[in-house]
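In the numbering used here, the protein residues as written are 36 to 277.
Structural data, given as structure tokens:
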């Protein structure tokens, strides 16, 4: 693998970049089987743990798919959507004819514990910025959001800039971070007492829990977000592009 970059990248990120590059260059084609874990270990001179983490990341990005004992294959309907401004909640709220804003509830800088380190792919003890805020449409809250940021990238972040600006815009324009991908998982959740109070809920209708991981073009994880979304207030949708 090429380790000439002056920016540190974990070994598994380097494996991800190499395999993704082979797919983008058509050296591996849709439907084609990837080398076995053992072959990848030998090719990249890394451990099985590193290979498995890289393969897991590629599956999360939709680039490859696992077919049980047959192994891993390049996804036939692969693709990714750049996380662009038109896809952000800020822009989606505007498109719905409502005025977007956010209310920052807190910002804390702290050393990463084991949970933070796992969520952000950093080392325990590294600085983490945690921001909690409400997402509003016409000043009515529709989502509670918890954001985790690597402190080494966002040490001077001003959360109150987020009250009337998209954070994707802030990352690009203020921190020159070239955002590339976002992976998401969605599941229903029963609102907690805190959710009910913050979102002014009248019923126990489930919320949509959305966990997102945002990456730059070097496959570095730059933002982790957990959103508790009230679909009774706003629709949640996105477009997937090849």
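C-beta: ideal position from N, C-alpha, C; glycine also. Note that this is a predicted model, so its numbers are computed, not measured.
Residue 39, DSSP secondary structure in three states: Here the model assigns residue 39 a pLDDT of 40, short of 50, so the residue's position is not dependable and the matter cannot be decided.
Among 151, 199 and 177, whose alpha-carbon lies nearest the alpha-carbon of residue 186? Minimum Cα distance to residue 186 is reached at 151.
Around the C-beta of residue 47, are 16 or more other C-beta atoms found within 10 angstroms, so that it is buried, or is it exposed? It is buried - the Cβ of residue 47 has at least 16 other Cβ atoms within 10 Å.
Give the secondary structure of residue 194 by DSSP, where H, G and I count as helix, E and B as strand, and everything else as coil. helix
Exposure label - residue 178; buried when at least 16 CB within 10 Å: Looking at its Cβ environment, which holds 16 or more other Cβ atoms inside 10 Å, residue 178 is buried.
Can you tell me whether DSSP reads residue 91 as helix, strand or coil? helix
Between residue 161 and the rest of its own chain, which residues show a CB-CB distance below 6 Å, the 5 nearest in sequence each way excluded? 147
For the segment 53–67 against the segment 78–96, are there 3 or more C-beta pairs whose distance is under 8 Å? yes
Can you list, in chain order, the residues of its chain whose CB lies under 8 Å from that of residue 174, leaving out five sequence neighbours each side? Excluding positions up to five away in sequence, the list reads 134 and 136.
Grouping DSSP H, G and I as helix and E and B as strand, with all else coil, what is residue 220? strand
Can you tell me which of the three DSSP states residue 268 falls into? Residue 268: coil per DSSP, three-state reduction.
Against chain D, does residue 218 count as a neighbour if the rule is that its beta carbon must be under 8 Å from one of theirs? The structure shown has no chain D; it contains just one protein chain.
Hey, residue 138 and residue 165: beta-carbon distance below 8 Å or not? no
Integer-rounded CB distance, given that residue 244 should sit under 8 Å from residue 222: 5 Å
Distance, residue 71 Cα to residue 170 Cα: 44 Å
From which residue to which residue does the beta strand (DSSP E) around residue 245 run? 242–251
Grouping DSSP H, G and I as helix and E and B as strand, with all else coil, what is residue 63? Residue 63: coil per DSSP, three-state reduction.
Only counting the same chain, and skipping five residues up and downstream in sequence, which positions put a Cβ closer than 6 Å to that of residue 261? 181 and 246
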